[in-house]
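Novice:
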Amino acid sequence: QEERLRKVEKLAAAGQLAASLAHEINNPLAAVTNALYILQNYSELPEETNSLVNTAASEIARVSRIVKQSLSYYRVDRSPKEVDLAQILEESLRIFEEKFRKSDLQVRARIRPHITILGFGDEIRQAIDNLLLNAVEATPKGGRLAVSLRWSRDRKDESQPGIARLTIADTGLGISREQRSRLFEPFFTTKAEKGNGLGLWVVRGIVTKHEGSIRIWSSTRESCRGTAVSILWPLQQKGAAAVAQPVNVVAHGK
Ligand code: ADP
Ligand code: MG
Numbered sequence: 163q164e165e166r167l168r169k170v171e172k173l174a175a176a177g178q179l180a181a182s183l184a185h186e187i188n189n190p191l192a193a194v195t196n197a198l199y200i201l202q203n204y205s206e207l208p209e210e211t212n213s214l215v216n217t218a219a220s221e222i223a224r225v226s227r228i229v230k231q232s233l234s235y236y237r238v239d240r241s242p243k244e245v246d247l248a249q250i251l252e253e254s255l256r257i258f259e260e261k262f263r264k265s266d267l268q269v270r271a272r273i274r275p276h277i278t279i280l281g282f283g284d285e286i287r288q289a290i291d292n293l294l295l296n297a298v299e300a301t302p303k304g305g306r307l308a309v310s311l312r313w314s315r316d317r318k319d320e321s322q323p324g325i326a327r328l329t330i331a332d333t334g335l336g337i338s339r340e341q342r343s344r345l346f347e348p349f350f351t352t353k354a355e356k357g358n359g360l361g362l363w364v365v366r367g368i369v370t371k372h373e374g375s376i377r378i379w380s381s382t383r384e385s386c387r388g389t390a391v392s393i394l395w396p397l398q399q400k401g402a403a404a405v406a407q408p409v410n411v412v413a414h415g416k
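For the sequence shown, the positions run 163 to 416 when UniProt numbering is used.
Quick look at the structure:
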């Protein structure tokens, strides 16, 4: 118990540190990005210099992505709005269409319309994007994704507004037992240079902020490989619409 508490504190501190670092780094980063952009479009550079500039630009872009990911959901200056989960999910799937096609993935989506929760649409969008990206990256060409958004009743109390459940399942390589316990740690990745290990950490931060929870099922068995990740939001009654109540506390990790 105590050890868990220490871990919570440690990760919360890490989150806050990341957020303030990201904030401080953003401006100089933008300046460097702009300078490199100008250099890239400056035609009189010798060949070798050009390739160095390109390398610098792509590495700076990588740093930018990391900074953006860790900063984006740590904003306290806004109030939550009613957002339509189905709409956000559909938007996200549309943007991913090109990626799905490139990886030759068969994607089936079952989306129940008009499930609204009170929250931050762009953050939820980012959480969904991160999960979709992980599914795509884990699944070899020709694989399948099943995406769903459902609503279900609270089995113990039928008078409750129920639970929204968003699931992204893939037929990818699965998650090993050793990896499982570390998935939500910041910077934990099995993708070496291609990953930054912030995806699930950010997802958890966003979901926790919206009072939801995450479940992961996975198998690395040859016969039935794959991973399913669900986000669950308990809904709350509010007028005619069932909405989930977010909290304003930001907690990172578990
Ligand atoms: P990154 O994608 O940059 O590696 P994430 O935090 O998004 O960072 O994911 C952490 C790790 O969790 C991944 O490196 C991968 O090992 C594992 N993982 C996440 N989603 C999946 C998935 N759908 N299938 C298999 N492994 C996954
Ligand atoms: Mg990821």
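Ideal Cβ positions, reconstructed from N, Cα and C, are used throughout, including at glycine. This structure is a prediction, so every number in the text was calculated from the model and none was measured.
Within this structure, are the beta carbons of residue 215 and residue 191 separated by less than 8 Å?
Specialist: One-based indexing of the sequence shown puts residue 215 at position 53. One-based indexing of the sequence shown puts residue 191 at position 29. Going by C-beta atoms, residue 215 is not nearer than 8 Å to residue 191.
Novice: Measure the CB-CB distance between residue 365 and residue 271 and report whether it falls below 8 Å.
Specialist: Your numbering for residue 365 matches position 203 in the sequence shown. Your numbering for residue 271 matches position 109 in the sequence shown. Contact: no.
Novice: Quick check: the stretch 309-326 against the stretch 383-398, are at least 3 beta-carbon pairs closer than 8 Å?
Specialist: In short, these stretches touch, since the Cβ pair count reaches three.
Novice: CB of residue 243 to nearest heavy atom of the ligand ADP: below 7 Å?
Specialist: Within the sequence shown, numbered from 1, the residue matching residue 243 stands at position 81. No, the ligand ADP has no heavy atom inside 7 Å of this Cβ.
Novice: If we ignore side chains and look at the alpha-carbon of each, how far apart do residue 150 and residue 298 end up?
Specialist: Residue 150 lies beyond the stretch modelled for the chain, which goes from 163 to 416, so this question has no answer here.
Novice: Taking residue 241 as the reference, which of 384, 184 and 280 has the closest Cα?
Specialist: Position 79 of the sequence shown, counted from the start, is the residue given in the question as residue 241. It is 280 whose Cα lies nearest to the Cα of residue 241.
Novice: Is the separation between the beta-carbon of residue 381 and that of residue 374 shorter than 8 Å?
Specialist: The residue labelled residue 381 in the question sits at position 219 within the sequence shown. The residue labelled residue 374 in the question sits at position 212 within the sequence shown. Not a contact, by the Cβ cut-off of 8 Å.
Novice: Quick one: residues with CB closer than 5 Å to any heavy atom of the ligand MG, in chain order, please.
Specialist: The answer, residue by residue, is 296 and 361.
Novice: In whole angstroms, what is the alpha-carbon distance linking residue 293 and residue 206?
Specialist: Residue numbering aside, residue 293 sits at position 131 when the sequence shown is read from its first letter. Residue numbering aside, residue 206 sits at position 44 when the sequence shown is read from its first letter. Each residue's Cα considered, the two are about 43 Å apart.
Novice: With a threshold of 8 Å, are at least 3 pairs of Cβ atoms found where one atom belongs to the stretch 334-354 and the other to the stretch 300-316?
Specialist: Yes: at least three Cβ pairs fall under 8 Å.
Novice: The ligand ADP and residue 300: does any heavy atom of the ligand fall closer than 7 Å to the residue's C-beta?
Specialist: Taking the first residue of the sequence shown as 1, we reach residue 300 at position 138. Yes, the Cβ of residue 300 comes within 7 Å of a heavy atom of the ligand ADP.
Novice: Expressed to the nearest angstrom, what Euclidean distance is found between the alpha-carbon atoms of residue 179 and residue 219?
Specialist: As a position in the sequence shown, residue 179 is number 17, starting the count at 1. As a position in the sequence shown, residue 219 is number 57, starting the count at 1. So the two alpha carbons sit approximately 26 Å from each other.
Novice: Using only CA atoms, which one of 273, 283 and 208 lies nearest to residue 244?
Specialist: Locating residue 244 in the sequence shown gives position 82, where the first residue counts as 1. When each option's Cα is compared against that of residue 244, the closest is 283.
Novice: So does residue 337 have its beta carbon nearer than 7 Å to some heavy atom of the ligand ADP?
Specialist: By one-based count along the sequence shown, residue 337 stands at place 175. Flag set: Cβ of residue 337 near the ligand ADP.
Novice: Got a sec, what are the start and stop residues for the beta strand (DSSP E) residue 308 sits in?
Specialist: Locating residue 308 in the sequence shown gives position 146, counting from the first residue. Unbroken beta strand (DSSP E) run through residue 308: 306-314.
Novice: Under the assumption that residue 342 contacts residue 350 (Cβ atoms under 8 Å), give the Cβ distance between them as a whole number of angstroms.
Specialist: As a position in the sequence shown, residue 342 is number 180, starting the count at 1. As a position in the sequence shown, residue 350 is number 188, starting the count at 1. Their Cβ separation, rounded to whole angstroms, is 11 Å, which puts residue 342 and residue 350 out of contact at 8 Å.
Novice: I'd like to check one pair, residue 285 with residue 368: are the Cβ atoms closer than 8 Å?
Specialist: On the sequence shown, position 206 is the one that residue 368 refers to. On the sequence shown, position 123 is the one that residue 285 refers to. Taking 8 Å as the Cβ cut-off, residue 368 and residue 285 qualify as a contacting pair.
Novice: For the alpha helix (DSSP H) holding residue 248, just list the boundary residues, first then last.
Specialist: Counting from 1 along the sequence shown, the entry for residue 248 is found at position 86. Run containing residue 248: 247-264, per the alpha helix (DSSP H) assignment.
Novice: For residue 183, decide whether its Cβ has a neighbour in chain B, counting only Cβ atoms nearer than 8 Å.
Specialist: Among the protein chains of the structure shown there is no chain B, as only one such chain exists.
Novice: Using DSSP's beta-bridge definition, name the partner residues of residue 383.
Specialist: In the sequence shown, counting from the first residue as 1, residue 383 sits at position 221. DSSP lists no partner for residue 383.
Novice: Short of 6 Å in beta carbon distance, which residues of its chain neighbour residue 164, apart from the five on each side in sequence? Order them along the chain.
Specialist: Within the sequence shown, numbered from 1, the residue matching residue 164 stands at position 2. There are no such residues.
Novice: In its own chain, which residues sit with a C-beta less than 6 Å from the C-beta of residue 359, not counting the 5 before and 5 after it?
Specialist: The residue labelled residue 359 in the question sits at position 197 within the sequence shown. Same-chain partners within the cutoff: 349, 350 and 351.
Novice: Nearer than 7 Å: is that true of the beta carbon of residue 353 relative to any heavy atom of the ligand ADP?
Specialist: Counting from one through the sequence shown, the residue named residue 353 turns up at place 191. Result yes, Cβ under 7 Å from the ligand ADP.
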